[in-house]
Amino acid sequence: MAVEAYINGGHKHRRRTDGQASVELVAILPALAVCVLIAAQAAAAGWALWTAGNAARAGARAEHVGGDGEAAARRALPGRLREDAAVTDGDGVRVKVAVPSLLPGVSLGSIAAASRLEPDPDGASR
Numbered sequence: 045m046a047v048e049a050y051i052n053g054g055h056k057h058r059r060r061t062d063g064q065a066s067v068e069l070v071a072i073l074p075a076l077a078v079c080v081l082i083a084a085q086a087a088a089a090g091w092a093l094w095t096a097g098n099a100a101r102a103g104a105r106a107e108h109v110g111g112d113g114e115a116a117a118r119r120a121l122p123g124r125l126r127e128d129a130a131v132t133d134g135d136g137v138r139v140k141v142a143v144p145s146l147l148p149g150v151s152l153g154s155i156a157a158a159s160r161l162e163p164d165p166d167g168a169s170r
């Protein structure tokens with residue numbers, strides 16, 4: 045049993061500190077769990093943005109060579125993001141995907157990315 049002695053105003057006081065570290069650990073665990081959840085959610089949002097950008101670039105490349113930009117962008121998305129994605133093409137390709145949520149029933153909105161390839165000035169294909 046650990047006992048700390050303090051001399052305070054000429055009187056000796058004793059205070060028990062058994063289990064103090066355990067109590068502090070239990071108190072900090074919820075805050076630590078929230079921090080980990082926030083970091084993981086930020087990583088999921090970043091992944092969604094990165095993936096939408098890649099899909100938009102794939103669609104723009106396909107559109108540039110005369111292919112179907114919308115279909116190419118959809119094929120470039122993973123299944124989880126492809127289901128609810130909004131893809132538009134025409135003057136470039138825009139891909140809008142829902143941010144995946146780590147908490148069931150929580151909607152975090154959506155993220156969009158767009159890409160467009162400029163035609164060659166002389167009209168030749170690349």
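Heads up: the sequence shown begins at 45 in our numbering, then just goes up one per residue.
Note that CB positions come from ideal geometry on N, CA and C, so glycine has one too.
Predicted, not measured: the structure shown is a model, and the values here were computed from it.
Going by the beta-carbon positions, is the gap between residue i and residue j smaller than 9 angstroms?
i: S159; j: G123; result: no
i: R118; j: L161; result: no
i: P144; j: A89; result: yes
i: L121; j: L81; result: no
For residue i, is the classification buried or exposed, using 16 other Cβ atoms within 10 angstroms of its Cβ as the cut-off for buried?
i: D133; result: buried
i: D62; result: exposed
i: A46; result: At A46, the pLDDT of 49 sits below 50, so the modelled position is not reliable and the matter cannot be decided from this model.
i: E107; result: buried
Compute the Euclidean distance between the alpha carbons of residue i and residue j, then round it to the nearest angstrom.
i: A157; j: L69; result: 42 angstroms
Could you pull the start and end residues of the alpha helix (DSSP H) that residue i belongs to?
i: R138; result: R138 -> not in any alpha helix (DSSP H); beta strand (DSSP E) instead, spanning 136-142.
i: A129; result: Looking at the DSSP string, A129 is not in any alpha helix (DSSP H), and its letter there is neither H nor E.
i: S66; result: 64-108
> Does the segment 136-151 touch the segment 81-98, meaning 3 or more C-beta pairs lie closer than 8 angstroms?
Replying inline: The segment 81-98, when compared against the segment 136-151, does touch it at the 8 angstroms Cβ threshold.
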